[in-house]
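Asks: Structure below; questions to follow.
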Amino acid sequence: GNAQGSWSMSSVADRRRRARRVELESQLDEFAKRWTAAESKAYRQVAAEANLLRLADGGDAELLRTTLELILQENRDQPDPTARLDVTADSVRDKVGRTLLAVAAWRGHYEVVEFLLTEWKSRAGPSEEEQEAARFFKVNTDHRFGPFNRADGWTAFSIAAFCGHAKCAELLRLNGANP
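In the working numbering, the protein residues as written are 369 to 547.
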């Protein structure tokens, strides 16, 4: 009855919002072709960070991995160091200072938390390229952020525990996170 009708309207509205976002991003990309190198980098930086936060919030570990790999590769392929994005798995912050790890812990996305905690270890190796990848993927488990819930000093562990995501909290502790 009514519940199904409102659900249907909600999904129609969501599809329209997504389509409008794609349309606006396409227009922005056209404008970006006329920007200076610094303006272009600033836009790409903000867009990359927003996309990564959206992926961590949405719980898609595989797409997050692919997106981070693309950023790492684009930075490697970019001959001009000043044009490289200043993005790593640990550098992205939302408006209250949450990292990708904290966002995933807050939402209870176990697979994303696991990926962010362990990916750098699988990348580590003797070559400079492997070391660079390990540094790119390594996250600080004890980064503090706030204000959130009228308090400062939150960590990925504390927010996972506060929100009742016991498996995420346990995984964080097993990987050295402190409360």
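Glycine included, C-beta positions come from ideal geometry on N, C-alpha and C. All values reported here derive from a predicted model rather than from experimental measurement.
Have a look at Leu469, Ala405, Phe513 and Arg512 and flag the residue whose alpha-carbon is nearest the alpha-carbon of leucine 485.
Replies: Stepping through the sequence shown from its first residue, residue 485 is reached at position 117. When only C-alpha atoms are compared, the closest one is Leu469.
Asks: Flag this pair as yes or no: are the beta carbons of arginine 461 and isoleucine 527 separated by less than 9 Å?
Replies: Position 93 of the sequence shown, counted from the first residue, corresponds to residue 461. Position 159 of the sequence shown, counted from the first residue, corresponds to residue 527. Taking 9 Å as the cut-off, the Cβ atoms of arginine 461 and isoleucine 527 do not count as close.
Asks: Can you tell me which of the three DSSP states alanine 387 falls into?
Replies: As a first step, residue 387 is located in the sequence shown; it is residue number 19 there, counting from the start. It is helical.
Asks: Under a Cβ-count criterion, where at least 16 other Cβ atoms within 10 Å of its own Cβ denotes burial, should arginine 475 be classed as buried or exposed?
Replies: Counted from its first residue, the sequence shown places residue 475 at position 107. By the neighbour-count rule (16 or more Cβ atoms within 10 Å), arginine 475 is buried.
Asks: Taking only the alpha-carbon atoms, compute the straight-line gap between alanine 406 and glutamate 417 and give it to the nearest angstrom.
Replies: Within the sequence shown, numbered from 1, the residue matching residue 406 stands at position 38. Within the sequence shown, numbered from 1, the residue matching residue 417 stands at position 49. Cα-Cα distance, rounded: 16 Å.
Asks: Using the Cβ count rule (16 or more neighbours within 10 Å means buried), how would you classify phenylalanine 504?
Replies: Here residue 504 corresponds to residue number 136 of the sequence shown, with the count starting at 1. Buried.
Asks: Counting only the same chain and skipping the five closest in sequence on each side, list residues whose C-beta sits under 8 Å from that of glycine 493.
Replies: In the sequence shown, the residue the question calls residue 493 occupies position 125. Same-chain partners within the cutoff: Gln499 and Ala502.
Asks: Using the three-state DSSP reduction, which class does tryptophan 403 fall into: helix, strand or coil?
Replies: Working through the sequence shown from its first residue, we reach residue 403 at position 35. Looking at tryptophan 403 - three-state DSSP - the assignment turns out to be coil, as it is neither helix nor strand.
Asks: Could you name the residues of the same chain whose beta carbon sits closer than 8 Å to that of leucine 539, not counting the 5 residues immediately before and after it, in chain order?
Replies: In the sequence shown, the residue the question calls residue 539 occupies position 171. Within the same chain, leucine 539 has close Cβ partners Tyr478, Val481, Glu482 and Leu485.
Asks: So, helix, strand or coil for alanine 519, using DSSP?
Replies: Translated into positions along the sequence shown, residue 519 becomes position 151. It is a strand residue.
Asks: Given a threshold of 16 other Cβ atoms within 10 Å of its Cβ, counted over all protein chains shown, does aspartate 445 qualify as buried or as exposed?
Replies: In the sequence shown, counting from the first residue as 1, residue 445 sits at position 77. Under this definition aspartate 445 is an exposed residue.
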